[in-house]
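Trainee: Here you go, one structure.
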Amino acid sequence: MSTLESTTRRRSRVQDSLSQPKQALGSSPKTAREKELVRGPITSGRQGRIVSAPQLNEEERQQLARLAQALDWSFYVELGDVAARAREVGRELEGLAPRRRSDEAQRPTRPSLSNLRRHAMRQWFDSVLEGREGESYERRLRSLYFPILVGDAGHDDVPQILVEHFLDYIEGYLTSWLFDRPHENLVPSAQLLHAFQSAMVLQRRANAFRDSES
């Protein structure tokens, strides 16, 4: 076979491969969330930071400390009610029926679930502002905070999508609190929000990879 014929055949094979429709690697996931988990490591954007075990930098930690100082007592007074609403919004979005008081009454007597959740919410939110991170902290999120804040009483297996809705709501609430009135300079508020969003990436990673322990 001449060099010319060999080159022509190679070009023909390349053109044929380019003309064929591209196929996705592996099985086709049903949802966008599944696509994010199925495909390879992502190097940019929020999901990229989740996959690559993000860490807060010093500037973000300083901004979180400033945010903790900026939040007034009224914010923390409302925090328990905000958490309750965040939990219910997630259930509504997923078409889950609201819990009935009769169902709660039939369960064994236990300390006030409402007070437990309020206490857990304050502890969890403080841990976010402190920039807590690491494997032990992620295990604590999965085994303690997420089940109490988002799950039903007596159930530790909280659907990941409900935790996602909960985190989205809390992030949205803080955003509205930071920008609830006009400011001559919005940059400081934007910096505080960016630091909080970075800290929330750690929360999302703990939720997204909870099954890695099993």
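Numbering (the working numbering), first residue to last: 408 to 621.
Beta carbons: idealized from backbone N, C-alpha and C, even for Gly.
Between residue 572 and the rest of its own chain, which residues show a CB-CB distance below 7 Å, the 5 nearest in sequence each way excluded?
Mentor: Within the same chain, residue 572 has close Cβ partners 496, 497 and 500.
Trainee: What number of angstroms, rounded off, separates the C-alpha of residue 538 from the C-alpha of residue 532?
Mentor: Their Cα atoms are separated by approximately 10 Å.
Trainee: Using a Cβ-Cβ cut-off of 7 Å (strictly less than) and excluding sequence neighbours within five positions of residue 521, which residues of its own chain qualify?
Mentor: There are no such residues.
Trainee: Evaluate contact between the stretch 481-494 and the stretch 575-584, counting only Cβ atoms and requiring at least three cross-stretch pairs below 8 Å.
Mentor: Output reads yes: the stretch 575-584 touches the stretch 481-494.
Trainee: Rounded to the nearest angstrom, what separates residue 568 and residue 589 at their Cα positions?
Mentor: Looking at the two C-alpha atoms, the distance is approximately 34 Å.
Trainee: Excluding five sequence neighbours on each side, which residues of the same chain lie with their C-beta closer than 6 Å to the C-beta of residue 479?
Mentor: Here the set comprises nothing.
Trainee: Could you have a look at residue 535 and say whether DSSP puts it in helix, strand or coil?
Mentor: Three-state result, residue 535: helix.
Trainee: Hey, out of 596, 483, 606 and 613, whose CA is closest to residue 464's CA?
Mentor: Here the closest residue by C-alpha is 606.
Trainee: Skipping 5 residues on each side, what residues in its chain have a beta carbon closer than 7 Å to that of residue 642?
Mentor: Nothing can be reported for residue 642: it is not among the residues displayed for the chain, which extend from 408 to 621.
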